[in-house]
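Here the sequence shown is numbered in UniProt numbering, starting from 1 and rising by one per residue.
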Amino acid sequence: MATVQFRITGGEVTPEITMPISATILDLKERIQLFTGIVMTRQTLRFNNQELTNDRTISHYGFGQFVTLVLDVMPLNDQFPKFYILAKYGNEQSKMIKVKETTLVGDLRSKIERQFGIPGRLMSLYRLSHEMNDDFPLSAYYVCAGCEVEVVINTESR
1 MATVQFRITG GEVTPEITMP ISATILDLKE RIQLFTGIVM TRQTLRFNNQ
51 ELTNDRTISH YGFGQFVTLV LDVMPLNDQF PKFYILAKYG NEQSKMIKVK
101 ETTLVGDLRS KIERQFGIPG RLMSLYRLSH EMNDDFPLSA YYVCAGCEVE
151 VVINTESR
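Structure follows, in structure tokens:
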């Protein structure tokens, strides 16, 4: 069965997903949702600035074997901009923390510092196995309601 390997860009995390050419764009969005946690209704996929249509098959677009797509994520409704994420510190501790998509990673680090009592300079934060940079908003790492952010303690300060 013929497949296409997609590299999904748009954030600091770039998932790679292989799909059969008989799958639809909606099927691809479902796989992206499984990987990132971002619901399909908030996803827009683009190829060469062209929005891809949900009900079209991958074969319809005539992609080669390897394709890079851009994922745009619709911001959350202003009426409900805050949500909870799970900050996990090893197998020992987990805490729910209320954030917004626009919260900077550095601000999340400060919240975690207060919740866990761990100095911020000693921790690294990870989402989807990628270390998070303090200067980026949480949305750059596809942080969404109910997702996990891993807290790792460094032996040397940052």
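No residue lacks a Cβ here, since even glycine has one placed at the ideal position from N, Cα and C. No experiment lies behind these values; they were computed from the predicted model shown.
> What's the gap between the Cα of Ile112 and the Cα of Ile38?
Replying inline: 23 Å
> Going by DSSP, which residues form a beta bridge with Leu45?
Replying inline: Leu71
> The beta strand (DSSP E) spanning Phe6 covers which residue range?
Replying inline: Thr3 to Thr9
>> According to DSSP, Ala87 sits in a beta bridge with which residue or residues?
In response: Lys95 and Val149
> From which residue to which residue does the alpha helix (DSSP H) around residue 229 run?
Replying inline: The question about residue 229 has no answer, for the chain in this structure spans 1 to 158.
> Cβ atoms of Phe63 and Gln93: under 8 Å apart, would you say?
Replying inline: no
> What number of angstroms, rounded off, separates the C-alpha of Met19 from the C-alpha of Ser59?
Replying inline: 10 Å
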